[in-house]
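Residue numbers (the UniProt record's numbering): 1 to 372.
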């Protein structure tokens with residue numbers, strides 16, 4: 001993983017763990033449903049980002065006998081488990097707690113003062129202080145992730161933030177940005193619920209906003225699940241295919257291509273497969289001198305007596321023809337691969353199958369007459 005991505009994930013883990021502890025302390029002490037659901041939200045964020053980090057570590061493993069193209073897609077699998085499992089659990093627990101608080105409305109009363117470490121404070125001050133501290137920690141984590149997110153956008157020439165959230169090829173970074181954004185929105189919702197309850201004396205506001213926080217967790221689970229599932233369904237790399245078309249169109253010895261396919265392994269590895277036909281007008285004339293030179297080299301390697309035998313001369317000519325055609329074909333493939341990787345380094349595996357030489361568009365005799 002890149003240093004910036006590692007820093008974004010580790011910063012998010014550290015800040016969310018700290019926030020989880022202080023939110024649970026304040027929620028349990030003051031009895032606020034919104035604060036409890038915010039604590040659950042932060043706990044899910046912490047666990048989720050731990051899964052993201054494990055997925056990144058797993059995806060760095062090289063190719064082996066079981067995983068021919070490396071372990072890159074494991075990152076999406078860990079992300080998918082995390083999104084569907086942890087956030088769905090968080091949403092379910094949050095809604096269950098909101099319902100429990102609703103059923104106990106009028107029976108359970110919010111504490112007006114809270115004593116922590118021998119210090120007695122108004123519950124409202126404690127809750128708002130915890131939310132303010134959490135906002136600072138979450139805000140720092142958000143800035144770290146957003147800085148890397150915007151840097152990626154600039155490198156890829158993208159200017160639409162919302163579009164890039166959907167189209168980005170690094171769901172891990174998208175997850176961190178989205179989770180930190182949702183965490184800050186959750187803090188605002190919790191603060192609104194606590195303030196409205198304190199101002200009106202109606203605990204329904206606290207319960208309502210706690211339910212909204214739980215529903216937000218469910219929405220995040222659905223979105224992150226969708227983003228990661230897309231990369232586990234053999235998604236094509238349209239940019240790599242576009243680069244291939246441009247490279248082939250500009251190569252003088254390639255007539256056309258067929259059956260172009262690509263597969264994104266992860267944001268740093270794409271597999272590209274295609275079939276090409278060579279152009280007779282450009283390729284064949286240059287082969288004659290090459291075949292003759294190779295034939296002379298083969299004959300020079302034979303004993304003097306055999307060089308004069310007609311059978312060996314035919315054999316040398318045939319072998320030189322085959323070797324020269326294969327060598328030039330390999331050079332063309334190498335040239336195409338080099339140009340693609342120069343423009344798009346993430347295309348790590350390219351398989352090109354040569355279907356043969358395309359039929360000549362004009363008669364060679366007509367070309368000779370035109371030249372004369």
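A virtual CB, placed ideally from N, CA and C, is assigned to each residue, including glycine. Computed from a predicted model, the values in this text were never measured in an experiment.
In chain order, what residues of the same chain lie with their CB nearer than 6 Å to the CB of residue i, ignoring the 5 residues before and after it?
{"i": "residue 205", "result": "193, 196, 197"}
{"i": "residue 93", "result": "40"}
{"i": "residue 12", "result": "49, 141, 176"}
{"i": "residue 220", "result": "87, 182"}
{"i": "residue 349", "result": "271"}
How would you call residue i, buried or exposed, if buried means at least 16 neighbouring beta carbons within 10 angstroms?
{"i": "residue 125", "result": "exposed"}
{"i": "residue 73", "result": "buried"}
{"i": "residue 266", "result": "buried"}
{"i": "residue 372", "result": "A caution first: residue 372 carries a pLDDT of 46, below 50, which makes its placement in the model too unreliable to give a value."}
{"i": "residue 162", "result": "exposed"}
{"i": "residue 226", "result": "exposed"}
{"i": "residue 258", "result": "exposed"}
{"i": "residue 1", "result": "Because residue 1 sits at a pLDDT of 48, beneath the cut-off of 50, its placement in the model cannot be relied upon, and the point is left open."}
{"i": "residue 61", "result": "exposed"}
{"i": "residue 269", "result": "buried"}
{"i": "residue 234", "result": "exposed"}
{"i": "residue 252", "result": "exposed"}
{"i": "residue 199", "result": "exposed"}
{"i": "residue 232", "result": "exposed"}
If you compare alpha carbons, which of the options is closest to residue i?
{"i": "residue 281", "options": "84, 171, 289, 357", "result": "357"}
{"i": "residue 142", "options": "317, 15, 312, 278", "result": "15"}
{"i": "residue 139", "options": "181, 240, 189", "result": "181"}
{"i": "residue 208", "options": "24, 257, 274, 103", "result": "103"}
{"i": "residue 285", "options": "317, 328, 260", "result": "328"}
{"i": "residue 324", "options": "294, 12, 136", "result": "294"}
{"i": "residue 130", "options": "13, 28, 10, 269", "result": "28"}
{"i": "residue 23", "options": "147, 144, 53, 183", "result": "183"}
{"i": "residue 238", "options": "289, 168, 287", "result": "168"}
{"i": "residue 287", "options": "321, 353, 96", "result": "321"}
{"i": "residue 151", "options": "344, 8, 315", "result": "8"}
{"i": "residue 10", "options": "45, 53, 99", "result": "53"}
{"i": "residue 83", "options": "47, 98, 57, 58", "result": "47"}
{"i": "residue 35", "options": "190, 85, 81", "result": "190"}
{"i": "residue 144", "options": "179, 312, 44", "result": "179"}
{"i": "residue 43", "options": "20, 351, 230, 77", "result": "20"}
{"i": "residue 301", "options": "316, 311, 223, 290", "result": "316"}
Across which residues does DSSP place residue i in a beta bridge pair?
{"i": "residue 169", "result": "DSSP output for residue 169 lists no bridge partner at all."}
{"i": "residue 256", "result": "277"}
{"i": "residue 262", "result": "272"}
{"i": "residue 358", "result": "279"}
Shorter than 6 Å, the distance from the beta carbon of residue i to the closest heavy atom of the ligand GTP, or not?
{"i": "residue 268", "result": "Looking for the ligand GTP in the displayed structure turns up nothing, as the structure carries no ligands at all."}
Within the same chain, show all residues whose beta-carbon is closer than 7 Å to that of residue i, passing over the 5 residues directly before and after it, in chain order.
{"i": "residue 149", "result": "173, 177"}
{"i": "residue 255", "result": "277, 278, 279, 358"}
{"i": "residue 95", "result": "211, 214"}
{"i": "residue 63", "result": "69, 70"}
Problem set entry | Complete runs of the alpha helix (DSSP H) confined to the segment 286–353 [at least 4 residues] | Runs found: 304–307, 310–343.
Problem set entry | alpha helix (DSSP H) segments (min. 4 residues) lying fully within the segment 56–92 | Correct list: 74–81.
For this session: May I have a chain-ordered list of the alpha helix (DSSP H) segments no shorter than 4 residues that lie completely inside the segment 183–245?
Result: The qualifying runs are 204–231.
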